[in-house]
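Structure record follows, encoded as C-alpha cells.
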Amino acid sequence: MPDMAEPILAADGTPLKKKLGQALFRSRLSAFGLVVPLLAFVVVSFIVPIIALLWQGVYDKRFAVLMPNTSAALSDWSGVSEPTEEMYSALVADLVVARKEKTIGRVATRVNRELSGMRSLFTSTARKAAELEAPYKDALIAVQKTWGELETWQAMKIASRVYTPGYLLASLDFKLNADGSIVRQDENRRIHVKLFLRTLEISMVVTIACLLLGYPIAYLLASLPLRTSNLLLVLVLLPFWTSLLVRTTAWIAMLQSQGIMNDLFVAFGVTSDDDRFSLIYNKTGSLIAMTHILLPFMILPLFSVMKAIPPSYVRAAKSMGASDWTAFWRVYFPQSVAGIGAGVLLVFILAIGYYITPALVGGQDGQMISNIIDFHMRKSLNWNLAAAIGLVLLVIVLLLFWVYDRVVGIDNIKLG
Amino acid sequence: MQKSYDGKSLVVKDLNLAIGRGEFLTLLGPSGSGKTTCLMMLAGFETATHGDIFLAGRPINNIPPHKRGIGMVFQNYALFPHMTVGENLSFPLEVRKLGKAEREEKVRTALDMVKMDGFEKRRPSQLSGGQQQRVALARALVFEPDLVLMDEPLGALDKQLREHMQFEIKHLHERLGITVVYVTHDQSEALTMSDRIAVFNDGVIQQLSNPDDLYERPENAFVAQFIGENNRLTGTVEQRNGKIVSIALDDGSKSKALAVNCGGQGSRTVLSIRPERVVLGWENESNTTLGEVLELTYLGDHIRYRMKVHGNPDFVLRLPNTSEHAKLTVGETAKISWNIDDCRALDI
Numbered sequence: 013m014p015d016m017a018e019p020i021l022a023a024d025g026t027p028l029k030k031k032l033g034q035a036l037f038r039s040r041l042s043a044f045g046l047v048v049p050l051l052a053f054v055v056v057s058f059i060v061p062i063i064a065l066l067w068q069g070v071y072d073k074r075f076a077v078l079m080p081n082t083s084a085a086l087s088d089w090s091g092v093s094e095p096t097e098e099m100y101s102a103l104v105a106d107l108v109v110a111r112k113e114k115t116i117g118r119v120a121t122r123v124n125r126e127l128s129g130m131r132s133l134f135t136s137t138a139r140k141a142a143e144l145e146a147p148y149k150d151a152l153i154a155v156q157k158t159w160g161e162l163e164t165w166q167a168m169k170i171a172s173r174v175y176t177p178g179y180l181l182a183s184l185d186f187k188l189n190a191d192g193s194i195v196r197q198d199e200n201r202r203i204h205v206k207l208f209l210r211t212l213e214i215s216m217v218v219t220i221a222c223l224l225l226g227y228p229i230a231y232l233l234a235s236l237p238l239r240t241s242n243l244l245l246v247l248v249l250l251p252f253w254t255s256l257l258v259r260t261t262a263w264i265a266m267l268q269s270q271g272i273m274n275d276l277f278v279a280f281g282v283t284s285d286d287d288r289f290s291l292i293y294n295k296t297g298s299l300i301a302m303t304h305i306l307l308p309f310m311i312l313p314l315f316s317v318m319k320a321i322p323p324s325y326v327r328a329a330k331s332m333g334a335s336d337w338t339a340f341w342r343v344y345f346p347q348s349v350a351g352i353g354a355g356v357l358l359v360f361i362l363a364i365g366y367y368i369t370p371a372l373v374g375g376q377d378g379q380m381i382s383n384i385i386d387f388h389m390r391k392s393l394n395w396n397l398a399a400a401i402g403l404v405l406l407v408i409v410l411l412l413f414w415v416y417d418r419v420v421g422i423d424n425i426k427l428g
Numbered sequence: 074m075q076k077s078y079d080g081k082s083l084v085v086k087d088l089n090l091a092i093g094r095g096e097f098l099t100l101l102g103p104s105g106s107g108k109t110t111c112l113m114m115l116a117g118f119e120t121a122t123h124g125d126i127f128l129a130g131r132p133i134n135n136i137p138p139h140k141r142g143i144g145m146v147f148q149n150y151a152l153f154p155h156m157t158v159g160e161n162l163s164f165p166l167e168v169r170k171l172g173k174a175e176r177e178e179k180v181r182t183a184l185d186m187v188k189m190d191g192f193e194k195r196r197p198s199q200l201s202g203g204q205q206q207r208v209a210l211a212r213a214l215v216f217e218p219d220l221v222l223m224d225e226p227l228g229a230l231d232k233q234l235r236e237h238m239q240f241e242i243k244h245l246h247e248r249l250g251i252t253v254v255y256v257t258h259d260q261s262e263a264l265t266m267s268d269r270i271a272v273f274n275d276g277v278i279q280q281l282s283n284p285d286d287l288y289e290r291p292e293n294a295f296v297a298q299f300i301g302e303n304n305r306l307t308g309t310v311e312q313r314n315g316k317i318v319s320i321a322l323d324d325g326s327k328s329k330a331l332a333v334n335c336g337g338q339g340s341r342t343v344l345s346i347r348p349e350r351v352v353l354g355w356e357n358e359s360n361t362t363l364g365e366v367l368e369l370t371y372l373g374d375h376i377r378y379r380m381k382v383h384g385n386p387d388f389v390l391r392l393p394n395t396s397e398h399a400k401l402t403v404g405e406t407a408k409i410s411w412n413i414d415d416c417r418a419l420d421i
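Top line first, the protein sequences correspond to chains A and B. The letter at position 92 of the first sequence is residue 104 when you use my numbering, and the numbering goes up by one with no holes. The letter at position 149 of the second sequence is residue 222 when you use my numbering, and the numbering goes up by one with no holes.
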C-alpha cells in the first residue's frame, strides 16, 4: 500500500485521484444526460402518480376540510358518550356553508361510506339547515330522528380522521369503529379477502399450467437446429403481434357454449348437445385465456436459458451410464432451474395484476382483485378504497417476492 | 461403415477399423473430415447409416449410449456445473447403483490418479482449465470402462499445459491398460501420444499406421502434407525401375525417387521430401541440385531456410544450429542434395 501521506500525483502535479475524477466526470455526465429524458418521464408519469394514488389509501382530508367546525368538535368527543350541543351547533354551521358552497354531496358521500343511509340524511338536512334555530340538538332530531343516534356521530368521527387506516382495513374486510377498535366486517360484506385469495389461486394455477405447457416447448425449441427453432420461436412470439383484446375475444368464440370447443366435444361425443360445458364467463375461462396469453412469458426465459446448456452435458451423463430420464433429471433439469425461476416469477407477477382478460371472460367467479380495483375507480368512485386495495396488493407481491428470494434466490434467476 | 447426415452426401465414406485392446489410437484430420462423427458413432450419439460396430465381439449398433459402458472426455470437459467435483465423479457410480462407501473409495482413487485429491468439494467453475481437464479425465475413468473416447480434450488449454497433459494421459493409458480412441486435429499431439494414428480426410482413412511410419513413410500426398513440414516437387514419371522411378521435374531437370504411390510411365506425381532430410553439399550422390536462399528464419535450435529449388520457391531446409554448419545468407546459391530413399513419389 502506498504511503497515505503522499498521494500519487499525475504528470502535471495534481493528485491522481482528483485527475481521474475530472477525467471520468465528462463521461458520467453524458451517461446521465442520456437517461435524463426517460428518468423524468418515468418520475412524472409513473412514480409520482403511483405514490399520489397510494397515498389516498391512507389519507382522506375531505371531511376535515369541508366540515371544519364539526371535525374540531368531534376530535374532543370520546365516541361513546352522548353528543353535546356544541357538536350539533358546529354541524349545523358546517351544513349551511356546505350547502352554500355546493360541497354537501362530497361530504355526504364520504360519510355514507362509513354508514349507509348517511347520504340522504346529509343532503336532506342541509336543505333545511339554514332555517334551524337553537337548541340545535332538538332541532336536528326533529328533522331526522337519526341525528340523535350514536351510530351517526360515530360514522362522522371516523370520516373526520385525515390519516385513516379505514380503507386499508376495509380492503382486508375489517372495519374501524369510532372508539378506535377494529372488528371484522359483517359476514355478507367480506368480499376482498376472498378476492385476494382467488387472485392468488388463479395466478398460481396459471403459473403452474404455463410451466407444465411451456417447459416441453422450450426444451424442444432449444434442442432443435437454429433454423427450425427460430421459425418455431416466431410462432411463440406471434401472439405478441396481436392485440390482447383480440386474443381474449378469440377465446370467447372458442369456448362459449355454442362455440368451437363445445361443438367439437358434442361432435366427438364427449358431452351431449343439451349438456354443453360452461368453459367461459367463469373461473375456467379466466384460467384458460390467461394461461394462453401468458405462455410466451414462460417459454422465452426458459428457452434462452436452455439454449445456453451445451448438449455435451447430457451426452456426458449418458456416456457415464445415465438413462435418458436420469440424464435429464439429474443434469439438464437442474441447469434449467434458473429459467424456471425467471419464467415463474414473470408469469406470476403479470398474472396477479391481470385485468382485461378476467374482466371479459371471467364472469362472476373468474373476477380478480384488479377487477374490484377497477370497479372502485370507475363505478363506485371510491378511489381511496381502490388505492388501499392496490397498496395491499403491492405489499402482497413484495412479500411473495421476498419469500421467493429466500426460497429460490433472485441471483439464481437468468433471463438468458 | 458409412455415415450420412442429410441423405445426399456421405460424411464417413468407408470406415473399416479394428482397434486392439489396450491400444491408443488417434483419429487425426482437419475439421470436417469425419473424425468426430466416427467417435460419436462409437459412443452411440450418432447412428451409423450403414455398417456394424462391434465392441469385444458384441454388436453395439442398437445399444443406447448409456448401456455401452464407454467412457468419454469432451472437448469442453462437460463437467456438470451444479455439482461439486466429488459429485461429478460419483455420478457414473450412482447411476450404476454402487454403495456409498464404494463410491467414495473409487472417487478418491480416481482423483488421486489425476493428482486432484482434496478437490472433492470444489465446483468446476472454481478450477483452472488444466484442473477441469484432469477432473473430466478422472470422471471418464472412474467407472473403469474398457474403452475411453476423447474428443479433442486438450483443445482449450494453452500450449505448455497441453504438452504436459499429453504425457499425463499417455502415462495413465500405459498404467491402466485401457483402450483409448483419441480425436485431434493437432498432428504433434497425435505423434506424441498414439500407438497408431488414423489420418482422416474427406470421410476416408488416408493412412493407418504408427507415428514414425506416418511421418517417415507417408503413403499419399495428403498425409505427407498434413503430417509435419513437407517439400513438394511436381513432375512426370519417365521410367520405372523396380522401387526406383526416374522423374522429369516440371522445370526440365531429372530426379530419382522411391516409388510409393505413383502410376506408371507418363503419369503425374508429387515428390515429397522432409525438410530435415535435405543436406548441404553434394556428398550424397543420389539427388543433387542448387538452391537459391530466399529467406531464413532463426528458430534457436535450428535454422529454417526457404529456397527456390527446381522452380519451387517454397522449398524448405532445416539445418541444426551447430558450430560446424556454415551459415547461408539470403541471395546465396547453395549446393543441396537428398537421398533417394527420403524422396517419395506420391499421388498428385
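The C-beta atom is built at its ideal place from N, Cα and C for all residues, glycine as well. This structure is a prediction, so every number in the text was calculated from the model and none was measured.
Specify the secondary structure class of A407 of chain B as computed by DSSP and reduced to three states.
Here A407 of chain B carries a strand assignment [DSSP, helix/strand/coil].
With A271 of chain B as the anchor, note down where its beta strand (DSSP E) starts and where it stops.
First-last of the beta strand (DSSP E) with A271 of chain B: R269 to N274.
State buried or exposed for L442 of chain A, treating a residue as buried only when at least 16 other CB atoms are found within 10 Å of its CB.
Any property of residue 442 of chain A remains undetermined from this structure, which presents chain A solely from 13 to 428.
Which residues of chain A have a Cβ atom closer than 7 Å to the Cβ of P502 of chain B, listed in chain order?
This structure cannot settle anything about residue 502 of chain B, because the visible part of chain B is limited to 74 through 421.
If you measure between the beta carbons of T342 of chain B and L234 of chain B, is that distance less than 8 Å?
Taking 8 Å as the Cβ cut-off, T342 of chain B and L234 of chain B do not qualify as a contacting pair.
Are any of the Cβ atoms in chain E nearer than 8 Å to that of V343 of chain A?
Chain labels in this structure do not include chain E; the protein chains are A and B.
Check the Cβ-Cβ distances between M266 of chain B and every residue of chain A, and say whether any is below 8 Å.
No, M266 of chain B lies away from the interface with chain A (no Cβ there is under 8 Å from its Cβ).
Spatial neighbours of S172 of chain A within its chain, please: C-beta separation below 6 Å, excluding the five flanking residues on both sides.
Excluding sequence positions up to five before and after S172 of chain A, its CB lies within less than 6 Å of the CB of F75, A76, S83 and L86, all in the same chain and listed in chain order.
Rounded distance between the beta-carbons of L233 of chain A and L225 of chain A, thought under 8 Å:
Between the beta-carbon of L225 of chain A and that of L233 of chain A there is about 13 Å, and that puts the pair past the 8 Å contact cut.
Between the beta-carbon of G351 of chain A and the beta-carbon of P313 of chain A, is there less than 8 Å?
A contact, by the Cβ cut-off of 8 Å.
When the cut-off is 8 Å and only beta carbons count, does A52 of chain A lie next to chain B?
It does not; no Cβ of chain B falls within 8 Å.
Residues bridged to S319 of chain B by DSSP?
Beta-bridge pairing links S319 of chain B to B:Q312 and B:K329.
Pull out every residue of the region 158 to 179 of chain B whose Cβ sits closer than 7 Å to any Cβ of chain A, in chain order.
When C-beta distances to chain A are compared with 7 Å, the residues of the region 158 to 179 of chain B below that value are F164, P165, V168 and R169, in chain order.
When DSSP builds the beta bridges, which residues end up paired with M145 of chain B?
Looking at the DSSP output, M145 of chain B sits in a beta bridge with B:L222.
Following the continuous beta strand (DSSP E) through K187 of chain A, name the residue where it begins and the one where it ends.
Per DSSP, K187 of chain A belongs to the beta strand (DSSP E) from F186 to L188.
Do we get a CB-CB distance below 8 Å when we pair G102 of chain B with the residues of chain A?
False, the Cβ-Cβ gap to chain A never drops below 8 Å.
Nearest-angstrom Cα separation, counted from I368 of chain A out to G375 of chain A:
When rounded, the distance between both Cα atoms is 12 Å.
Which whole-angstrom value is the C-beta distance of V146 of chain B and V221 of chain B, which I expect to be below 8 Å?
Your pair V146 of chain B and V221 of chain B checks out as a contact, with CB atoms roughly 7 Å apart and the cut at 8 Å.
Classify M13 of chain A as helix, strand or coil using the three-state DSSP reduction.
Here M13 of chain A scores only 46 on pLDDT, less than 50, and its place in the model should not be relied on; the value that follows carries that caveat. M13 of chain A falls in the coil class under three-state DSSP.
Restricting to Cα atoms, I'd like to know which of B:L166, B:S359 and B:K76 is closest to G107 of chain B.
The shortest C-alpha separation from G107 of chain B is found at B:K76.
Around the Cβ of W337 of chain A, are there at least 16 other Cβ atoms within 10 angstroms (buried) or fewer (exposed)?
Exposed, by the Cβ-count rule.
Buried versus exposed, by CB contacts within 10 Å (16 or more), P291 of chain B:
A residue is called buried when at least 16 other Cβ atoms come within 10 angstroms of its Cβ; P291 of chain B meets this threshold and is buried.
Does any CB atom of chain B fall closer than 8 Å to the CB of G240 of chain A?
Note that residue 240 of chain A corresponds to Thr in the displayed sequence, not to Gly. Under the Cβ distance rule, T240 of chain A does not count among the residues neighbouring chain B, no pair being separated by less than 8 Å.
Does DSSP put R391 of chain B in a helix, in a strand, or in coil?
Correct three-state label for R391 of chain B: strand.
Kindly indicate if chain B contains any beta-carbon less than 8 Å away from that of Y231 of chain A.
Not one beta carbon of chain B lies nearer than 8 Å to the beta carbon of Y231 of chain A.
Any chain A beta carbon closer than 8 Å to P197 of chain B:
At a cut-off of 8 Å between beta carbons, P197 of chain B makes no contact with chain A.
Are the Cβ atoms of I401 of chain A and I385 of chain A separated by less than 8 Å?
Against a cut-off of 8 Å, the Cβ pair of I385 of chain A and I401 of chain A comes out as a contact.
Buried/exposed call for P14 of chain A, threshold 16 Cβ in 10 Å:
Any reading at P14 of chain A needs caution, since the residue's pLDDT is 47, under 50, leaving its predicted position unreliable; the model's value is listed next. It counts as exposed.
Could you check if F360 of chain A is buried or exposed, using at least 16 other CB atoms within 10 Å of its CB as the buried criterion?
A buried status is given to F360 of chain A, since no fewer than 16 other beta-carbon atoms sit within 10 Å of its beta-carbon.
With a threshold of 8 Å, are at least 3 pairs of Cβ atoms found where one atom belongs to the region 102 to 116 of chain B and the other to the region 83 to 94 of chain B?
These segments touch.
Where does D231 of chain B land, buried or exposed, given buried means 16+ other C-beta within 10 angstroms?
D231 of chain B should be labelled exposed.
CB-CB length for V430 of chain A against T137 of chain A, believed under 8 Å
The structure shown has nothing for residue 430 of chain A, since chain A only spans 13 to 428.
Could you pull out every residue in the same chain whose Cβ sits closer than 7 Å to the Cβ of L306 of chain A, ignoring the five residues on either side in sequence?
Excluding sequence neighbours, L306 of chain A sits near V218, C222, V359, L362 and A363.
If you measure beta-carbon to beta-carbon, which residues of the region 232 to 265 of chain B are closer than 9 Å to chain A?
Listed in sequence order: no entries.
Using DSSP with H/G/I as helix, E/B as strand and the rest coil, what is A229 of chain B?
In the structure shown, A229 of chain B sits in coil (DSSP, three-state: anything other than H, G, I, E or B).
Rank A:V349, A:P323, A:M389 and A:E143 by C-alpha distance to the C-alpha of D423 of chain A and give the top, closest one.
Answer by Cα proximity: A:V349.
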